[in-house]
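Visitor:
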Amino acid sequence: MLRILRSWFDRLFAEEESVVLLLMMLMGLLLFVVVGNMLIPIITSVVLAFMMQGLLARIMAMGASRWVAVLIAYLVFLTLFLGVLILLLPLVWQQAVNLVQELPTMLRKLQQLLLVLPERSELFTEAQIRDWMAMASNQVASVGQYVVSFSLAQLPNVLALMINVVLIPILVFFFLKDKALILDWLAGFLPSRRPLLTSVWEEMNDQVANYVRGKAVEIVIVGVVSYIAFAVMGLNYAALLALAVGLSVLIPYIGAAVVTVPVLLVAFLQWGWGSEFFTVCIVYGVIQALDGNVLVPLLFSEAVNMHPVAIIVAVLVFGGLWGFWGIFFAIPLATLFKAILYAWPRHNYRAGEAREAGPEEGGDEPLPQSDPSTN
């Protein structure tokens, strides 16, 4: 048994680079699990700087120097960052506060609308509906208590949040300006001969870049279109619901289904069974259909093809480990592991299997052997 384990270990970790890659993965995982919360501003800054690389490359392709390109890209980022901070977040926060305050009124209105069901269908009784509404009232009360306790508990973290708001733009600037220096510094800790790491990096760099930028563009487009549609129709809490719809694209398959409930519930409580409610249903369905059938294929035409079950498992695992950023990077991380598995050196393993099996046990033909003259 020990001989088999040793043989397996030698086949997989015969090269120094394989051991280095394994240690890097284990250290990275341990680092994120232990001090992941402390690294939030750094991770956020790296992601934002990574998203700006496409704009930076386009500006440089137009003939601008790197310093000018960095300055223009950073000014674009700073404008968007301040716009979200000054315009979007206060609006969403105010609508969220109004929604929490209006929950009891909305619950009473929902009860009045549902009490009509026993008259239209024998499947529901008035007693059942009253029981459901009593349970819902208890849930609303618990939600209110949770919001109050959560707000009080987060007061000590307000200072840390303000520091992060100031720190993130500064870090983004230096990550944009000194990208080459940082990458060279990190490369100094790696072996001088690193074909495995180079193969994984080359395969992942463009794919992760396309995914992150494409996902950011998808969030913005879906959120803006949803807000315009909801605002034109006069739907309450348009900004809050549009933000939820935009962020729902982070969770494939599940996000759209989950966010449908609050959108239709708010529309139902606002208009009942009126024509406006069905208009919201149709418009929301069109937005989701265009996102899934037009926008996603257009933005992610070069994305790695993954099975839906693998995507859902990746979202659950990485989301459980690292929350929002785990969900955001679930597919890139799953793609990274896939790339590592495919790039991992296994020629010794296959050759060993062929030698042990022989022509009689290894199949109709032996495995092809490489020509020494080509090495």
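For what it's worth, full-length UniProt numbering labels the leading residue of the sequence shown as 1, then goes sequentially. The C-beta atom is built at its ideal place from N, Cα and C for all residues, glycine as well. Quick caveat: nothing in here was measured; it's all calculated off a predicted structure.
1. Whole angstroms are fine: how far does the CA of Ile72 sit from the CA of Gly326?
2. Residue range of the alpha helix (DSSP H) that Gly214 falls in?
3. Use the C-beta contact count for Asp178: other C-beta atoms within 10 angstroms, 16 or more gives buried, fewer gives exposed.
4. So what's Ala289 in DSSP terms, helix, strand or just coil?
5. Could you compute how far the alpha carbon of Leu341 sits from the alpha carbon of Glu202?
6. Measuring only the C-alpha atoms, how far is Ile254 from Ser248?
7. Less than 9 Å separating the beta-carbons of Val266 and Leu243?
8. From Gly223 to Leu107, what does the alpha carbon distance come to, in whole angstroms?
9. If I follow the unbroken alpha helix (DSSP H) through Phe175, where does it start and stop?
10. Where does Gly54 fall in DSSP's three states?
11. Kindly give me the distance between the Cβ atoms of Leu299 and Gly214, rounded to whole angstroms, as I take these residues to be in contact under 8 Å.
12. Do Leu30 and Phe77 have their CB atoms nearer than 9 Å?
13. Count the CB pairs spanning the region 226-240 and the region 315-326 that are closer than 8 Å, and state whether there are at least three.
14. Would you kindly work out how many angstroms separate the C-alpha atoms of Gln53 and Leu240, rounded to a whole number?
15. Return the CA-CA distance between Ala160 and Ile43, expressed in angstroms with no decimal places.
16. Confirm, please, whether the CB-CB distance from Ala256 to Gln207 is below 9 Å.
17. My output table needs one value for Ser65: the three-state DSSP class, helix, strand or coil.
18. Quick one: Cα of Leu110 to Cα of Pro104, how far?
19. Report the residue from Val212, Ile59 and Val19 whose alpha carbon sits nearest the alpha carbon of Phe328.
20. Please state whether the Cβ-Cβ distance between Met233 and Thr279 is less than 9 Å.
21. What is the DSSP secondary structure of Asn37, reduced to helix, strand or coil?
22. Tell me the rounded alpha-carbon separation between Val245 and Leu190.
23. I need the DSSP call for Glu353, collapsed to helix, strand or coil.
24. Is Tyr253 helix, strand or coil when you go by DSSP?
25. Cα-Cα, which of Pro332, Ile163 and Leu88 is closest to Ile251?
26. With distances taken between CB atoms, is the gap from Leu21 to Leu197 smaller than 9 Å?
27. Which same chain residues, not among the five before or five after Ile168, have their C-beta less than 6 Å away from its C-beta?
28. Alpha carbon to alpha carbon, how far is Trp67 from Trp273?
29. Using DSSP with H/G/I as helix, E/B as strand and the rest coil, what is Leu190?
Guide: Here's the rundown:
1. Working through the sequence shown from its first residue, we reach residue 326 at position 326. Working through the sequence shown from its first residue, we reach residue 72 at position 72. Gly326 and Ile72: Cα-Cα distance of roughly 30 Å.
2. For the purposes of this step, residue 214 is taken as the residue at position 214 of the sequence shown. Gly214 -> alpha helix (DSSP H) spans Pro195 to Met233.
3. For the purposes of this step, residue 178 is taken as residue 178 along the sequence shown, with counting starting at 1. With fewer than 16 other Cβ atoms within 10 Å, it is exposed.
4. Position 289 of the sequence shown holds residue 289. Helix.
5. As a working note, residue 341 is residue 341 in the sequence shown. As a working note, residue 202 is residue 202 in the sequence shown. Each residue's CA atom was taken as its position, placing Leu341 and Glu202 some 15 Å apart.
6. Start at 1 with the first residue of the sequence shown, and residue 254 comes out as number 254. Start at 1 with the first residue of the sequence shown, and residue 248 comes out as number 248. Rounded to whole angstroms, the gap between the alpha carbons of Ile254 and Ser248 is 8 Å.
7. As a first step, residue 266 must be located in the sequence shown, where it is residue number 266. As a first step, residue 243 must be located in the sequence shown, where it is residue number 243. No, they are not a contact pair.
8. Translated into positions along the sequence shown, residue 223 becomes position 223. Translated into positions along the sequence shown, residue 107 becomes position 107. Distance between the alpha carbons of Gly223 and Leu107: 27 Å.
9. Here residue 175 refers to the residue found at position 175 of the sequence shown. Residues Val158 to Lys177.
10. Within the sequence shown, residue 54 is the residue found at index 54, counting from 1. When secondary structure is reduced to three states using DSSP, Gly54 falls in the helix class.
11. Locating residue 299 in the sequence shown gives position 299, where the first residue counts as 1. Locating residue 214 in the sequence shown gives position 214, where the first residue counts as 1. About 4 Å; that satisfies the 8 Å criterion.
12. As a position in the sequence shown, residue 30 is number 30, starting the count at 1. As a position in the sequence shown, residue 77 is number 77, starting the count at 1. In this structure, Phe77 does not lie closer than 9 Å to Leu30 by Cβ.
13. Proximity of the region 226-240 to the region 315-326 falls short of the contact definition, fewer than three beta-carbon pairs being nearer than 8 Å.
14. Within the sequence shown, residue 53 is the residue found at index 53, counting from 1. Within the sequence shown, residue 240 is the residue found at index 240, counting from 1. Their backbone Cα atoms lie some 30 Å apart in a straight line.
15. The sequence position of residue 160 within the sequence shown is 160, counting from 1. The sequence position of residue 43 within the sequence shown is 43, counting from 1. Approximately 16 Å between the Cα atoms of the pair.
16. Position 207 of the sequence shown holds residue 207. Position 256 of the sequence shown holds residue 256. Contact: no.
17. What you label residue 65 is simply residue 65 of the sequence shown in a count that begins at 1. Looking at Ser65 - three-state DSSP - the assignment turns out to be coil, as it is neither helix nor strand.
18. As a working note, residue 110 is residue 110 in the sequence shown. As a working note, residue 104 is residue 104 in the sequence shown. Spanning the two alpha carbons is a distance of roughly 10 Å.
19. The residue given as residue 328 occupies position 328 in the sequence shown. The shortest Cα separation from Phe328 among Val212, Ile59 and Val19 belongs to Val212.
20. If you number the sequence shown from 1, residue 233 lands on position 233. If you number the sequence shown from 1, residue 279 lands on position 279. The Cβ atoms of Met233 and Thr279 lie closer than 9 Å to each other.
21. As a working mapping, residue 37 is identified with position 37 in the sequence shown. Correct three-state label for Asn37: helix.
22. Locating residue 245 in the sequence shown gives position 245, counting from the first residue. Locating residue 190 in the sequence shown gives position 190, counting from the first residue. Taking the straight line from one Cα to the other gives about 42 Å.
23. Stepping through the sequence shown from its first residue, residue 353 is reached at position 353. Confidence is the limiting factor: at Glu353 the pLDDT is only 46, short of 50, which leaves the residue's position unreliable, though a coordinate-based value still follows. In the three-state reduction of the DSSP assignment, Glu353 falls in the helix class, which pools H, G and I.
24. Against the sequence shown, residue 253 aligns to sequence position 253. It is coil, neither helix nor strand.
25. Translated into positions along the sequence shown, residue 251 becomes position 251. Considering only alpha carbons, the answer is Pro332.
26. By 1-based counting over the sequence shown, the position of residue 21 is 21. By 1-based counting over the sequence shown, the position of residue 197 is 197. In this structure, Leu197 lies closer than 9 Å to Leu21 by Cβ.
27. Taking the first residue of the sequence shown as position 1, residue 168 is located at position 168. So the qualifying residues of the chain are Pro41, Thr44 and Ser45.
28. For this step, residue 67 is matched to residue 67 along the sequence shown. For this step, residue 273 is matched to residue 273 along the sequence shown. Looking at the two C-alpha atoms, the distance is approximately 58 Å.
29. For the purposes of this step, residue 190 is taken as the residue at position 190 of the sequence shown. Three-state DSSP puts Leu190 in coil, outside helix and strand.
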